[in-house]
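Have a look at the structure below before the remarks.
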Amino acid sequence: KAGVTQTPRYLIKTRGQQVTLSCSPISGHRSVSWYQQTPGQGLQFLFEYFSETQRNKGNFPGRFSGRQFSNSRSEMNVSTLELGDSALYLCASSLARTPDSPLHFGNGTRLTVT
Amino acid sequence: KQEVTQIPAALSVPEGENLVLNCSFTDSAIYNLQWFRQDPGKGLTSLLLIQSSQREQTSGRLNASLDKSSGRSTLYIAASQPGDSATYLCAVRSTGANSKLTFGKGITLSVRP
Chain A
2 KAGVTQTPRY LIKTRGQQVT LSCSPISGHR SVSWYQQTPG QGLQFLFEYF SETQRNKGNF
62 PGRFSGRQFS NSRSEMNVST LELGDSALYL CASSLARTPD SPLHFGNGTR LTVT
Chain B
-6 KQEVTQIPAA LSVPEGENLV LNCSFTDSAI YNLQWFRQDP GKGLTSLLLI QSSQREQTSG
54 RLNASLDKSS GRSTLYIAAS QPGDSATYLC AVRSTGANSK LTFGKGITLS VRP
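The listed protein sequences correspond, in order, to chains A and B.
Just so we're aligned, residue 2 is where the first sequence starts under my numbering, counting upward by one.
Just so we're aligned, residue -6 is where the second sequence starts under my numbering, counting upward by one.
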């Protein structure tokens, strides 16, 4: 069974540009959540989707947005990139949105903003 | 607001040593606590998940305990090996309508041969 797949693995963008990251969950998983990981702040929750609906959102500005498609694949978009957006962006999927469902993470997309 | 703390940030031990990694959290209203491992440049691998009603979980050489009332969890690694070198993160899932995972910053473990 394939794991969580995130594309691309690496991205270099310039300040002011926008970027779209993609996440394909494990087959059968309907819940997808996104996290930002930086050395200073650690792992921070961005948002969570279940059956195409955003169920929860972290404390990030509106420049960060996401969506989930009917096949459970998810994308997140960051507009007007800032240097501080440089981070590892991780996606995780789980079988259900119940709290006891373990999360399975992808290997992340490393975004560098110059 | 839930806060998760892992101290120390880094640990170096000789191979074969038994070790304990600590995690503390401020709000005991949690569904569960999960321990993850992260290798450099990689995503997170789930090691153990402890439900709020449980006291501990075991998998191979790993044992995780949970004391919800005191806001503490420990991850015990028996007979450490160089392959255990990684960053270990704990995360708690809070209760409530907007349940989300809050992570500690992790402990970077180095096991010396």
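The beta carbon of each residue, even a glycine, is placed where N, CA and C say it ideally should be.
Within the continuous beta strand (DSSP E) that includes ILE23 (chain B), where are the two ends?
23 to 31
Along the chain, where does the beta strand (DSSP E) that runs through LYS14 (chain A) open and close?
11 to 14
Taking PHE46 (chain A) as the query, report the chain B residues whose CB atoms sit under 7 Å from its CB, ordered along the chain.
LYS93 and LEU94
Using 8 Å as the threshold, is the segment 19 to 36 of chain A in touch with the segment -3 to 4 of chain B, meaning 3 or more CB pairs across them?
no
Run through DSSP, which three-state label would ASP101 (chain A) get?
coil
Alpha carbon of ARG86 (chain B) to alpha carbon of LYS93 (chain B), nearest angstrom
5 Å
Of all the residues that make up the segment 33 to 62 of chain B, which are near chain A by a beta-carbon distance shorter than 8 Å?
GLY34, LYS35, GLY36, LEU37, THR38, SER39, LEU42 and GLN44
Determine the direct distance from the alpha carbon of ASN108 (chain A) to that of GLY34 (chain B), and round the result to whole angstroms.
7 Å
Is TYR24 (chain B) close to chain A, meaning its C-beta is less than 8 Å from at least one C-beta of that chain?
yes
Does HIS105 (chain A) get closer than 8 Å to chain B when you measure Cβ to Cβ?
yes
Drop a sphere of 10 angstroms on the beta-carbon of LEU84 (chain A), count the other beta-carbons inside from all chains shown, and report buried for 16 or more, exposed for fewer.
exposed
Helix, strand or coil, according to DSSP, for GLY43 (chain A) in the structure here?
strand
Less than 7 Å between C-beta atoms, sequence neighbours within five positions excluded: which residues of the same chain meet that for SER52 (chain A)?
ARG31
For GLN74 (chain B), collect the residues of the same chain with a Cβ closer than 7 Å to its Cβ; drop the 5 residues on either side in sequence, then sort them by chain order.
GLU8 and VAL104
My understanding is that ARG54 (chain B) touches ILE70 (chain B), with C-beta atoms under 8 Å, so please give their C-beta distance in whole angstroms.
6 Å
Give a yes or no on whether the minimum CB-CB distance between ASN57 (chain A) and chain B is below 8 Å.
yes
What is the rounded straight-line gap between the Cα of ARG65 (chain B) and the Cα of CYS16 (chain B)?
6 Å
Out of A:THR6, A:PHE46, A:GLN7 and A:PRO26, point me to the one whose CA is closest to SER95 (chain A)'s CA.
A:PRO26
Considering just the uninterrupted stretch of the beta strand (DSSP E) at LYS58 (chain A), what are its terminal residues?
54 to 58
How many Å lie between SER39 (chain B) and PHE106 (chain A) at the Cα?
8 Å
Where LEU84 (chain A) sits in the DSSP three-state scheme:
helix
For ALA22 (chain B), collect the residues of the same chain with a Cβ closer than 8 Å to its Cβ; drop the 5 residues on either side in sequence, then sort them by chain order.
SER87, THR88 and GLY89
Note the first and the last residue of the continuous beta strand (DSSP E) segment covering SER23 (chain A).
20 to 25
So the candidates are B:ARG30, B:ASP20, B:ASN25 and B:LEU26; which of them puts its Cα closest to the Cα of LEU102 (chain B)?
B:ARG30
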